[in-house]
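Participant: Sequences listed follow chains A and B, in order.
So in the numbering used here, spot 20 of the first sequence is number 20, and the numbers just go up one at a time.
So in the numbering used here, spot 101 of the second sequence is number 743, and the numbers just go up one at a time.
Cβ coordinates follow ideal geometry from the N, Cα and C atoms, glycine included.
Here it is, the structure in full.
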Amino acid sequence: MEAQVQGLNIAPTSLIIIGIVLLTYFILIAWFGGFFTKFSKDVNDFFYSGQRFAWWLGAASMIATGIGSYSYLKYSQQGVETGLSSAMTYTNDWFIIPFFMFGWLPIIYFSRVRSIPEYFARRFNDTARYIALVIILAYMLFYIGYNLFTMGVALEGLLGISMYWSIPLTTLIVGGYVTFGGQTAVIFTDLAQGIMLYIAGAIAIIVGIVALGGLGEWWAWLPVTHRLPFVHLFNDYKFNTAELFWGEALAGSIAFTFMNQGFIMRYLALKSVNEGRKACIFNVLFTLPFSAIIVGAVGWIAKSLIVKQAAMGGALEGLNPIHIANYYHTFLIVVWECLHQNALVFGFVVAALSAALMSTVDTLINACAAVGIYDIYKPLIKKNASERHYLIAARWVSVIFTVVGLILSFSFIGMEGSLMSIHYKGIMLIIPALVTTIFLGAFWRRFNSKAACISMVVGAVLTFATEFSPAMTDLLIDPIANFVLGAGLLSKKYIYMRALFGMIVTALVGIVVTLVTARESDEKTKGLTICTLEDAKKIYKGSDRLNETVGKKVGQLSVEFNQSLKEDMISVSQKTMDQLKAVAEDMIYVEDQRWWLGGLRSLHTKAANAHNKSDDIIMMNKKTWENGLFLDGKKLKIEKIF
Amino acid sequence: MEKCDCKNKVMVPILIICVLLFTYVFPRFVLSNFDASSPWASYCYQYGFGLITFLIGMLLIFKTKAIKLGRGSETIWLAWLIGGFFLFAGGHAIWIYLALNTPVKA
Chain A
1 MEAQVQGLNI
11 APTSLIIIGI
21 VLLTYFILIA
31 WFGGFFTKFS
41 KDVNDFFYSG
51 QRFAWWLGAA
61 SMIATGIGSY
71 SYLKYSQQGV
81 ETGLSSAMTY
91 TNDWFIIPFF
101 MFGWLPIIYF
111 SRVRSIPEYF
121 ARRFNDTARY
131 IALVIILAYM
141 LFYIGYNLFT
151 MGVALEGLLG
161 ISMYWSIPLT
171 TLIVGGYVTF
181 GGQTAVIFTD
191 LAQGIMLYIA
201 GAIAIIVGIV
211 ALGGLGEWWA
221 WLPVTHRLPF
231 VHLFNDYKFN
241 TAELFWGEAL
251 AGSIAFTFMN
261 QGFIMRYLAL
271 KSVNEGRKAC
281 IFNVLFTLPF
291 SAIIVGAVGW
301 IAKSLIVKQA
311 AMGGALEGLN
321 PIHIANYYHT
331 FLIVVWECLH
341 QNALVFGFVV
351 AALSAALMST
361 VDTLINACAA
371 VGIYDIYKPL
381 IKKNASERHY
391 LIAARWVSVI
401 FTVVGLILSF
411 SFIGMEGSLM
421 SIHYKGIMLI
431 IPALVTTIFL
441 GAFWRRFNSK
451 AACISMVVGA
461 VLTFATEFSP
471 AMTDLLIDPI
481 ANFVLGAGLL
491 SKKYIYMRAL
501 FGMIVTALVG
511 IVVTLVTARE
521 SDEKTKGLTI
531 CTLEDAKKIY
541 KGSDRLNETV
551 GKKVGQLSVE
561 FNQSLKEDMI
571 SVSQKTMDQL
581 KAVAEDMIYV
591 EDQRWWLGGL
601 RSLHTKAANA
611 HNKSDDIIMM
621 NKKTWENGLF
631 LDGKKLKIEK
641 IF
Chain B
643 MEKCDCKNKV
653 MVPILIICVL
663 LFTYVFPRFV
673 LSNFDASSPW
683 ASYCYQYGFG
693 LITFLIGMLL
703 IFKTKAIKLG
713 RGSETIWLAW
723 LIGGFFLFAG
733 GHAIWIYLAL
743 NTPVKA
């Protein structure tokens, strides 16, 4: 008996091979993630890895986080339907980058907030914190459930396993290593899985291009409409340039960059704001466009294959005829056929699909747990417990959110509509109120607590209401759409425009309430708005003096213990201090000399007065050395932060 | 200490009015010059509004002294920011040109 799924015929022996490859991958990744358990000494390490990693490690691990299991299926489908324009959502993020790199990133990094709700508590009040908490959790749990659901769909289609089994199995593996490994495990497994994703994507693209007869043939057989980087300005309500700009390039990008706790935690795990900026630039300029190719190219190849096949009057040489009855299965069908039904390699590609799921979901579970600990457990349930207690609690909270995500994933089963429409319908409803409040809070000092609370509630409620009331859509969203799109050409159906509506309503309510209510003390916003970044830096450093002269990194330093030095202070020679362009009390980052560790063994310290010993000696307390997880006999490298 | 220059009571309302005016006029200008199905209409729409968003961001970070030329590596970051915008805008323009001007077998 053969399992049949939308034109994909897989023999039982091939299914067994694919299953073995998948299982092997699951076991390996769980072992790899579990290895990093020892690097989580306390709850800060568990969630943020102690602000110590190099930019490239953060950026590389973001590759896998940004690509979900749904990405391959959704973008391949979009690729075959509309062509290279499927890459639009990956190449329209640059416009908001100045706000992030020089506004939001330094604010959250220097203020040492550990979650977005915690930022709301400090910037506004506890009411704002818990409103934000509800929205953030809804956003992240939606993504967890949606990812698990799409993986279940793929596995059910491929292996014939019921979603009621495949989803819990995947959840068990992901939940396992996140629960024990924490953020360090997430970063390192995501790095490994990012590599897997790119290799598998490259395999899929290469075999497809070879099947077509080369890159030139692929391009030549692609219709002009499918070659373009943009779709029609507004004729298709599901995917059009104008609405995508407002809903995806603005609201969606801000949500992904500013309020996605998973990404925020990646930035907070880096050793400095400068490293965060490097990771951000690399991510938007290189990783996202490249990822667009990896997840969408199979759809583009499929379109060429179908057109060429039709022109030739039958199957291409060496291939079975490719017939895609349901574009949702484009990725699986094209890769399976172009691989000449090689189960071993196909198993690897499917494992990459699982990698995409795991790397997105692990980040989100860890992020939900961070919010659960810092915004619910610590302030409301157990205030002054030991670090060990919080570390154990963090693991339990990870388990709870994993289970909630699992339950939520089942609610997607049976939902009507394409994967794309389910995804964006949900996201465009959830994000606008919070995105706008974060924006106003970070960039407008006058914006106050009352305005934040009222605007979030009104914005969220009205945005949701438009989903259930066509009359409200006509009354409220239609005029906005007419204004920003140009009159007379509208489909009257909106997915992305709902987000713009939500942002406008939230902003208007926020501005009006702010202007009619009393101004709050400037002291309250110190370090928490773009206007007070200097204060934020000083608070972060613990000193009123900032030294932002750029110095050199100094390496090949040998450790000498000096117990008279305070914990987390180091002393180097005057020559080294001069090279660093540092003076006493400056913040210094110390790391293992081996660059490829990416800061796994490192810590932030302060410079003490220079010593008189050799230039290649760095002196520190034994405890400082232990805090940095340094190893005997290994050389260290240092740099001044500021 | 650098003082943030963010209390300009006149500039912000003027800026808001200009942005609203642009938001209304620009799509109509694009549609009067291109057919809505033209890729150049989509290109102009995205990069027109994108440029406005980007410039507001740049103005904000300069006015608030969040970025300051000569401080640390911030001049280099500014070059990256501007270069990145032109890289995307230029890349998309070349992409459209190639899509429209290379032979098609289909």
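1. Can you give, in chain order, each stretch of the alpha helix (DSSP H) that sits fully within the segment 415–451 of chain A and has at least 4 residues?
2. Since Met265/A and Ile136/A should fall inside the 8 Å C-beta cutoff, what is the C-beta to C-beta distance between them, to a whole number of angstroms?
3. Where does Glu661/A sit, in a helix, a strand or coil, going by DSSP?
4. Quick check on DSSP: helix, strand or coil for Ala269/A?
5. Just the Cα atoms here: how many angstroms apart are Ser115/A and Ala370/A?
6. Counting only Cβ-Cβ distances shorter than 9 Å, please list the residues of the segment 227–252 of chain A near chain B, keeping chain order.
7. For Gly527/A versus Ser111/A, is the C-beta spacing smaller than 9 Å?
8. What residues in its chain sit with their C-beta under 7 Å from that of Val435/A, if we drop five residues either side in the sequence?
9. For chain B, find out if any of its Cβ atoms is closer than 9 Å to the Cβ of Ile131/A; answer yes or no.
10. Just to check my reading of the structure: Leu636/A and Gln593/A have Cβ atoms closer than 8 Å, yes? What is that Cβ distance to the nearest angstrom?
11. Under a three-way DSSP split, which group does Ser614/A fall into?
12. Helix, strand or coil for Gln556/A, going by three-state DSSP, please let me know.
13. In whole angstroms, give me the CA-to-CA distance for Leu344/A and Gln193/A.
14. Note down, in chain order, all residues in the segment 538–557 of chain A with a beta-carbon under 7 Å from any beta-carbon belonging to chain B.
15. Hey, is Met833/B's beta-carbon within less than 9 Å of any beta-carbon in chain A?
16. So Thr605/A and Thr576/A are in contact, right, with Cβ under 8 Å, and what is the actual spacing, rounded?
17. Can you tell me where the beta strand (DSSP E) with Val484/A in it begins and where it stops?
18. How about Tyr90/A and Ala292/A: are their beta carbons less than 9 Å apart?
19. Going by DSSP in three states, Glu317/A sits in which element: helix, strand or coil?
20. Go through its chain and collect everything with a Cβ distance to Lys450/A's Cβ below 7 Å, but skip five positions before and after it.
21. Quick one: residues in its chain with C-beta nearer than 6 Å to the C-beta of Leu440/A, no 5 flanking neighbours on either side, listed in chain order?
22. List the endpoints of the continuous beta strand (DSSP E) containing Ile571/A.
23. Quick one, which of Tyr146/A, Thr330/A, Phe245/A has its alpha-carbon nearest Leu73/A's?
24. Does the Cβ of Ile656/B have 16 or more other Cβ atoms within 10 Å, making it buried, or fewer, making it exposed?
25. Check whether the segment 703–720 of chain B and the segment 95–106 of chain A touch, using three or more Cβ-Cβ pairs below 8 Å as the test.
26. Nearest by alpha-carbon distance to Ser469/A: which of Tyr494/A, Leu485/A, Thr287/A is it?
27. For Ser679/B, which of helix, strand or coil comes out of DSSP?
28. Any C-beta of chain B sitting closer than 9 Å to the C-beta of Gly486/A?
29. So, is Val461/A buried or exposed, given that buried needs 16 or more other C-beta atoms within 10 angstroms?
30. Are Gly276/A and Asn366/A closer than 9 Å when you measure CB to CB?
31. Within the continuous alpha helix (DSSP H) that includes Asp578/A, where are the two ends?
32. Please work out which residues of its chain come closer than 7 Å, Cβ to Cβ, to Thr473/A, disregarding the five sequence neighbours upstream and downstream, and give them in chain order.
33. If distances are taken between C-alpha atoms only, which option among Leu557/A, Val210/A, Gly314/A, Glu626/A comes closest to Ile617/A?
34. Could you check whether Ile97/A and Leu702/B sit closer than 9 Å to each other, using their CB atoms as the reference points?
35. From Ala220/A to Leu148/A, what distance separates their C-alpha atoms?
36. Please return the same chain residues whose Cβ sits closer than 7 Å to the Cβ of Ala200/A, not counting the five positions on each side in sequence.
Facilitator: Answer, in terms of the structure:
1. 419–443
2. Their Cβ separation, rounded to whole angstroms, is 12 Å, which puts Met265/A and Ile136/A out of contact at 8 Å.
3. Residue 661/A falls outside the range modelled here, since chain A spans only 1 to 642, and no answer is possible.
4. coil
5. 7 Å
6. Arg227, Leu228, Pro229, Phe230, Val231, His232, Leu233, Phe234, Asn235, Asn240, Thr241, Ala242, Leu244, Phe245, Trp246, Ala249, Leu250
7. yes
8. Ala251, Ile254, Ala255, Phe258, Met259, Met503
9. no
10. 6 Å
11. coil
12. strand
13. 18 Å
14. Glu548, Val550
15. A question about residue 833/B goes unanswered here, because the residues of chain B that appear run from 643 up to 748.
16. That pair is no contact at about 14 Å.
17. No beta strand (DSSP E) holds Val484/A; the alpha helix (DSSP H) holding it covers 478–485.
18. yes
19. coil
20. Val513, Thr517
21. Phe447, Gly510
22. The amino acid at residue 571/A is misidentified as Ile; the sequence shows Ser. From DSSP, the beta strand (DSSP E) with Ser571/A extends over 569–571.
23. Thr330/A
24. exposed
25. yes
26. Tyr494/A
27. coil
28. yes
29. exposed
30. no
31. 574–580
32. Thr466, Tyr494
33. Leu557/A
34. no
35. 38 Å
36. Phe348, Val349, Ala352
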